[in-house]
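From first to last, the protein sequence lines are chains A and B. Position in the first sequence (first residue = 1) + 162 = this note's numbering. Position in the second sequence (first residue = 1) + 162 = this note's numbering.
2 protein chains.
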Amino acid sequence: MTTERNEAAHPIVEARVLEVCDAIGAFIEWWGFKAVHGRVWALLALRGAPMTQIEIARTFGLSRAGISGAVHDLEEWGLVDIVGEGRNAPWQARLDVWPTIAKVLRSREWMLIEAARVSLEAAIEEAELAHARGEAVGYDIGRMRTLLRLTEVAQALLRLLVSLRTPKRVEDTLEGIGDWLGRAGQAFRGLRNGRAD
Amino acid sequence: MTTERNEAAHPIVEARVLEVCDAIGAFIEWWGFKAVHGRVWALLALRGAPMTQIEIARTFGLSRAGISGAVHDLEEWGLVDIVGEGRNAPWQARLDVWPTIAKVLRSREWMLIEAARVSLEAAIEEAELAHARGEAVGYDIGRMRTLLRLTEVAQALLRLLVSLRTPKRVEDTLEGIGDWLGRAGQAFRGLRNGRAD
DNA sequence: CGGCGTGTTCAATGCGGCGTGAACAAGTGG
DNA sequence: CCACTTGTTCACGCCGCATTGAACACGCCG
Numbered sequence: 163m164t165t166e167r168n169e170a171a172h173p174i175v176e177a178r179v180l181e182v183c184d185a186i187g188a189f190i191e192w193w194g195f196k197a198v199h200g201r202v203w204a205l206l207a208l209r210g211a212p213m214t215q216i217e218i219a220r221t222f223g224l225s226r227a228g229i230s231g232a233v234h235d236l237e238e239w240g241l242v243d244i245v246g247e248g249r250n251a252p253w254q255a256r257l258d259v260w261p262t263i264a265k266v267l268r269s270r271e272w273m274l275i276e277a278a279r280v281s282l283e284a285a286i287e288e289a290e291l292a293h294a295r296g297e298a299v300g301y302d303i304g305r306m307r308t309l310l311r312l313t314e315v316a317q318a319l320l321r322l323l324v325s326l327r328t329p330k331r332v333e334d335t336l337e338g339i340g341d342w343l344g345r346a347g348q349a350f351r352g353l354r355n356g357r358a359d
Numbered sequence: 163m164t165t166e167r168n169e170a171a172h173p174i175v176e177a178r179v180l181e182v183c184d185a186i187g188a189f190i191e192w193w194g195f196k197a198v199h200g201r202v203w204a205l206l207a208l209r210g211a212p213m214t215q216i217e218i219a220r221t222f223g224l225s226r227a228g229i230s231g232a233v234h235d236l237e238e239w240g241l242v243d244i245v246g247e248g249r250n251a252p253w254q255a256r257l258d259v260w261p262t263i264a265k266v267l268r269s270r271e272w273m274l275i276e277a278a279r280v281s282l283e284a285a286i287e288e289a290e291l292a293h294a295r296g297e298a299v300g301y302d303i304g305r306m307r308t309l310l311r312l313t314e315v316a317q318a319l320l321r322l323l324v325s326l327r328t329p330k331r332v333e334d335t336l337e338g339i340g341d342w343l344g345r346a347g348q349a350f351r352g353l354r355n356g357r358a359d
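1. With DSSP run on the structure shown, which of helix, strand or coil describes residue 209 of chain A?
2. Short check: CB of residue 173 of chain B to CB of residue 212 of chain B, under 9 Å?
3. Is residue 200 of chain B near residue 186 of chain B, with beta carbons less than 9 Å apart?
4. Are any of the Cβ atoms in chain B nearer than 9 Å to that of residue 339 of chain A?
5. Just the C-alpha distance for residue 311 of chain B and residue 170 of chain B, rounded to the nearest angstrom, thanks.
6. Look up residue 272 of chain B in the DSSP assignment and say whether it is helix, strand or coil.
7. Rounded to whole angstroms, what is the Cα-Cα separation between residue 285 of chain B and residue 319 of chain A?
8. Note down, in chain order, every chain B residue with its Cβ under 7 Å from the Cβ of residue 169 of chain A.
9. Would you kindly work out how many angstroms separate the C-alpha atoms of residue 175 of chain A and residue 350 of chain A, rounded to a whole number?
10. Which two residues bound the contiguous beta strand (DSSP E) that contains residue 243 of chain B?
11. Under a CB-based cut-off of 9 Å, is residue 233 of chain B close to chain A?
12. Using only the alpha-carbon positions, how far apart do residue 263 of chain A and residue 338 of chain A sit?
13. Quick check: the Cα distance between residue 256 of chain B and residue 203 of chain B, rounded to an integer number of angstroms?
14. Between residue 184 of chain B and chain A, is the shortest Cβ-Cβ distance under 9 Å, so that the two count as touching?
15. My output table needs one value for residue 359 of chain B: the three-state DSSP class, helix, strand or coil.
16. If we count the other Cβ atoms within 10 Å of its Cβ and call it buried at 16 or more, is residue 209 of chain A buried or exposed?
17. Helix, strand or coil, according to DSSP, for residue 239 of chain A in the structure here?
18. For residue 348 of chain B and residue 183 of chain B, what's the separation of their Cα atoms in angstroms?
19. I'd like the list of long-range same chain contacts for residue 239 of chain B, defined as Cβ closer than 7 Å, with 5 residues on each side in sequence excluded.
20. Who does residue 254 of chain B pair with in a DSSP beta bridge?
21. Taking the CB atoms as reference points, tell me whether residue 325 of chain B and residue 178 of chain A lie closer together than 9 Å.
22. Measure the C-alpha to C-alpha separation of residue 343 of chain B and residue 246 of chain A and round it to an integer number of angstroms.
23. Let me see if you follow: with CB-CB separation under 9 Å, is residue 242 of chain A close to chain B or not?
24. Against chain B, does residue 267 of chain A count as a neighbour if the rule is that its beta carbon must be under 9 Å from one of theirs?
25. Please classify residue 244 of chain B as buried or exposed, where buried requires at least 16 other C-beta atoms within 10 Å of its C-beta.
26. When the Cα atoms are used, what is the spatial distance from residue 270 of chain A to residue 260 of chain B?
27. Need the endpoints of the alpha helix (DSSP H) that residue 305 of chain B sits in, please.
28. Helix, strand or coil for residue 282 of chain A per DSSP?
29. Using a Cβ-Cβ cut-off of 9 Å, state whether residue 308 of chain B counts as contacting chain A.
30. Have a look at residue 265 of chain B and residue 305 of chain A and give me their C-alpha separation to the nearest angstrom.
31. Output needed for residue 303 of chain A: all residues of its chain with C-beta closer than 6 Å, excluding positions within five of it in sequence on either side, in chain order.
32. Along chain A, in chain order, which residues have C-beta atoms closer than 8 Å to that of residue 174 of chain B?
33. Return no unless some Cβ of chain B is closer than 9 Å to the Cβ of residue 208 of chain A.
34. Have a look at A:193, A:215 and A:196 and flag the residue whose alpha-carbon is nearest the alpha-carbon of residue 254 of chain A.
35. Give the straight-line distance between the Cα atoms of residue 241 of chain B and residue 232 of chain B, rounded to the nearest whole angstrom.
What follows is the structure, given as C-alpha cells:
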C-alpha cells in the first residue's frame, strides 16, 4: 500500500489547479515546447509535496508513458528534481525557471539568429562581388545590410538577456528586472556610440 | 508575355538569398508561425522590385496554392502590400515589422498570460476558502501567489513592450531600444514601490 | 469573342507528432 | 522467494497539418 506521503488533495481546489496547469501548458506550448511539460511542471510547482509519476498521471488522467517522458525532459532541463534515492522517489518542481529559459535562449534561439546572420553575410559578399563585376544582381544590398544589422541588434539584446540573474527572493523580481532594464539601456546606447558607421 | 518588370536575378546571389530566406523561415517557424511566411516575406524584402505570386512560387519551387495563402496571411498581418491595381499586381514587403509583432503580442500572448492569471486567482480564492474552513488543501497557496505575481510582472513587461515605437531611420534602432529599456527600467522600479505588499 | 496567363479555392494525400497500451525491468514488502 | 507496485521502453494507431494538383474565376491581349 502506498504510504500516505502527501496531504490529500482538496477536490475543488484541485479542479482549479488543473485549470491553471492547462493555462500554463497552453502558454508554454505556444513557445515551441509541449503542453504536457508545462502542465506537469505547474502541477509539481503548486502541489505542496513531491509527487510520484503515477500520482501525476492519475491527476491528469494521462498514461504513465507520457508522464515518464515528460518528467525526464523536465529533469534534463533542470526544471524538476528527484527527492530522495529510492526507485519510485517522488519529484518536485524547481521554481526558478530562469536558468532554463536562459539556456534555451543561449542555444536554440542564438543558433537561429546566427544562421540568419551568417547567410546574410554570405549573400552580401556575393552580391557585392557581382555588383563590382558590373553584373545585374536583382536583390537589394541595402536591405540585406539592414537585416544584417537587425540580427546584430537581436544578438546583442539576447546577450544581455541571458546575463539576467534570478534574485533570491521573489519579491525582488520587479526591482531586479528594473535594474536589468536600466543596465541594458545604457549598454545599448554605448553600443550605438561605439559602432556608429 | 510578361513584361520584364524586374531586373534579372543573379543566380549565385539568388542561391545565397534563398539560404537567408530559409534561415528566417526557420526562425519565424520556431515562434509559432509557418516557415513559408518567413520565407516569402524575406524574399520580398530582399528582392529589389515587387514580385508576383508565380515568381515567388517558381523561386522557391513551391505550388501556387501555398504561396497564395501565405501572401494573404502576410497581407492581413500588414507585412506585405500590393503594388498597383491590376489583377495580377505584384507584392512588396514592409520592412517595419514591429507593428505586427506588437499586434501579435497584444492579442495572442496577452490572452495566454491572462488566462493563466485568471485561473490562478480563482484557484487562490478557492484554496483560501477551503483553508479557512479548516479543510486540507494539498496545494501550496504561497506558490500560487508567486506564480500570480509572475503573471502580473509578465503583463507589465508586455505592456511596456508593445509601447515601443519603430524609429524612422534604421540607424536609430539601437538608440531607440536603449531609451526604451531605460524607461522600462524606471517604470518597473516605480511599479515595485507602488504595489509593495 | 476566344485563348492565355494568373490568382483562388478545395478535396485528397502524405507525413510527422502525440498519446496509448502492452511488455519488460527493477525495487519493495511480506 | 514470490507477489505487487512503479518506472521505462517501444510499436501501433490516430489526429492534425501542410502541401499539392486540379478545377474554377478573372482579366488581358489578339
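Backbone N, C-alpha and C fix where the C-beta goes; we use that ideal spot for every residue, glycine too.
Checking against the coordinates, here is how it stands:
1. strand
2. no
3. A contact, by the Cβ cut-off of 9 Å.
4. yes
5. 56 Å
6. In the structure shown, residue 272 of chain B falls within a helical segment according to DSSP collapsed to helix, strand and coil.
7. 36 Å
8. 298 and 300
9. Rounded to whole angstroms, the gap between the alpha carbons of residue 175 of chain A and residue 350 of chain A is 46 Å.
10. 242-244
11. no
12. It is roughly 16 Å from the alpha-carbon of residue 263 of chain A to the alpha-carbon of residue 338 of chain A.
13. Looking at the two C-alpha atoms, the distance is approximately 8 Å.
14. Judged by the 9 Å Cβ criterion, residue 184 of chain B is in contact with chain A.
15. At residue 359 of chain B the pLDDT is 39, less than 50, meaning the model places this residue with poor confidence and gives no usable figure here.
16. The Cβ neighbour count for residue 209 of chain A, taken over all protein chains shown within 10 Å, is at least 16; the residue is labelled buried.
17. coil
18. If you take the alpha carbons of residue 348 of chain B and residue 183 of chain B, they lie about 38 Å apart.
19. Contacts found: 262.
20. B:243
21. no
22. 44 Å
23. no
24. no
25. exposed
26. 22 Å
27. Here the alpha helix (DSSP H) through residue 305 of chain B covers 303-323.
28. Three-state result, residue 282 of chain A: helix.
29. yes
30. 24 Å
31. 289
32. 288 and 292
33. yes
34. A:215
35. Here the alpha carbons of residue 232 of chain B and residue 241 of chain B stand approximately 11 Å from one another.
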